[in-house]
Amino acid sequence: MDFSVMILAAGAGTRMRSSKPKVLHSICGKPMIFYIVREALAVSGDVHIVLYHQREMIQSYLQECLKSGELKGNLTFHIQNHREFPGTGGAFFESECDLGSEGKKIIDFAYPRVVVLNGDTPLITKTSIENLAKSSLQDASDCTAKNASAKAYTKITISTMKLENPQGYGRIIFEGKSIEAIVEEKDCTREEKLLNIVNAGIYAFDREILSEFCPKISNDNAQKEFYLTDVIALARKSGVRIGAFEGCRDEFMGVNTKNELAKAEEKKLEILRNEAMKNGVIMHLPSSIYIEEGVEFEGECELENGVVIKGKCLIKDSIIKSHSVVESSKIISSDIGPFAHIRPKSVIDSTHIGNFVETKAADLRGVKAGHLSYLGDCEIGRGSNVGAGVITCNYDGKAKHKTRVGENVFIGSDTQLVAPVNVESSVLIAAGSTITNDIKSGDLAISRVKQVNKAGFFKKFFGDK
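Going by UniProt numbering, the first residue of the sequence shown is number 1, and it counts up by one from there.
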């Protein structure tokens, strides 16, 4: 079944108390809107998004994702005429419409069924979107695929959730399996407040319903806004039967505050961790491990407690020990940490990285760097040993420079490699050296002041201590 998707992302998100657009706040490394658009594009060839507040930032981000290939599909942007048509119902009018226009025109959807999503529900899946589009009056669908083949579609379907604590949500009033009304909490009677099936705020409409009833809604309310729920109320008064889609509570979780953002991230983390463990990753104390969307695991991998893996990473046949951080890098057949920091663009292959070692844009293959080193903008070859306290001095105050080290090089402790510098293979660098010139293969490099011992100086300095 082909259907269109409409994503509502025009709101100001004031409860988030942030200068950043609400939908650009991140969940496990990706803005909330990324997940919603990705899932919608996966099941629909006609996805629309309505923007208004801080629209340039949101549109720019999504266009960059489409350009880079992170998002794939047909996404159409609309800017809501918020001055004349504020509210969720006003989002459906073409931007050139005004209050005085005859026959207000709604957005042109390609398919006869339209699923309406909110831009702040980052956990929704393509399966739920597709099943909502296909939901029928005869079957109160859940978020599995069991009703995907239903033939008799309702003209309007409302997503619902069953909550232990429904406070703050509009209650659903049923007549049989059909929805009779949505009652906002402030308007509920004492008996209605006891109901625990609530409106999740995600809908499926026949396009003809939107075309017929959107132009009829008004802003005659306290907020002076056009509400999508008024479309549903008008349709119900005209005899249109309304179905229910009982969805997964976590998937339909809306994010309006930073507390809710944290809860959504916890849920997303649980999904990512479970998926990784299902595919063979060993996790010690999983609740303490943070991994982001885009992290890939291959082969035998093990993560100890407190590990953080961020950005686009590949971890293959490796152990990441406790309290280590890996960012946008490749780790292959290596052991990292504990307390190591692998910064972006590093490639660590068949290498031992010990505690308190930091890398950045480092290509290390078959290397041992046991402790207390900074290795940035460098290449180090197989069989090389990096002593404690070794530093690549890669920044001269204006530009970054490269350090290149060959194979089988022994770098003594507390060595500074001042880039740009090239060290050929089979070289020995004495501890405490500052290397500013290239070193030829087979050489010993030593750069330090000769030690001088002053006989009897202790007594001369301290006296009879």
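Using N, Cα and C, we set each Cβ at its ideal position, and we do this for glycine too.
So, at 6 Å on beta carbons, what are the nonlocal neighbours of residue i in its own chain, with the 5 sequence-adjacent residues on each side left out?
i	result
residue 53	12
residue 307	289, 320 and 324
residue 181	173
residue 133	3, 113, 115 and 204
residue 261	25 and 255
residue 295	309 and 313
Apply the 10 Å Cβ neighbour rule to residue i and answer buried if 16 or more other Cβ atoms are within range, or exposed otherwise.
i	result
residue 451	exposed
residue 19	exposed
residue 149	The predicted position of residue 149 is uncertain, since its pLDDT is 44 and thus under 50; no value can be drawn from it.
residue 199	buried
residue 395	exposed
residue 220	exposed
residue 118	buried
residue 279	exposed
residue 123	buried
residue 445	buried
residue 387	buried
residue 238	exposed
residue 137	Caution is warranted here: a pLDDT of 40 is assigned to residue 137, below 50, making its placement in the model unreliable, and no coordinate value can be reported.
residue 14	exposed
residue 187	exposed
With H, G and I counted as helix, E and B as strand and the rest as coil, what does DSSP make of residue i?
i	result
residue 416	strand
residue 171	strand
residue 187	helix
residue 297	strand
residue 123	coil
residue 469	The structure shown does not extend to residue 469, since the chain spans only 1 to 465, so no value can be given for it.
residue 195	coil
residue 253	coil
residue 468	A question about residue 468 goes unanswered here, because the residues of the chain that appear run from 1 up to 465.
residue 130	helix
residue 33	helix
residue 93	strand
residue 111	coil
residue 393	strand
residue 404	strand
residue 292	coil
residue 217	coil
Could you work out which residue in the options is closest to residue i when comparing CA atoms only?
i	options	result
residue 125	262, 162, 205 and 41	41
residue 281	258, 36 and 317	317
residue 341	361, 350 and 333	361
residue 45	16, 109, 31 and 191	109
residue 168	193, 157, 90 and 156	193
residue 303	311, 294 and 273	273
residue 203	419, 293 and 245	245
residue 330	358, 305 and 297	297
residue 344	388, 381, 38 and 310	310
residue 226	82, 237 and 186	82
residue 159	217, 232 and 223	232
residue 265	375, 31 and 157	31
residue 377	25, 404 and 397	404
residue 409	434, 383 and 275	383
residue 175	424, 240 and 65	240
residue 350	186, 381, 328 and 35	381
residue 332	305, 365, 358 and 25	365
Leaving out five residues before and five after residue i in sequence, what residues of the same chain have Cβ atoms less than 7 Å from its Cβ?
i	result
residue 92	106, 107, 210 and 214
residue 339	323, 324, 355 and 356
residue 161	198, 200, 247, 249 and 252
residue 55	79
residue 216	234
residue 28	265, 268, 269, 272, 292 and 293
residue 299	316 and 317
Which same chain residues, not among the five before or five after residue i, have their C-beta less than 8 Å away from its C-beta?
i	result
residue 51	9, 10, 58, 59, 77, 78, 79 and 80
residue 277	283 and 286
residue 352	334, 335, 367, 368, 369 and 370
Which residues does DSSP list as the beta-bridge partners of residue i?
i	result
residue 363	347 and 379
residue 77	49
residue 428	410 and 444
residue 341	325 and 358
residue 210	Beta-bridge pairing links residue 210 to no other residue.
residue 116	6 and 203
residue 422	404
residue 308	290 and 325
Give a single yes or no on whether residue i has its beta carbon closer than 7 Å to a heavy atom of the ligand ATP.
i	result
residue 382	With respect to small molecules bound, the structure shown includes none, and the ligand ATP cannot be examined in it.
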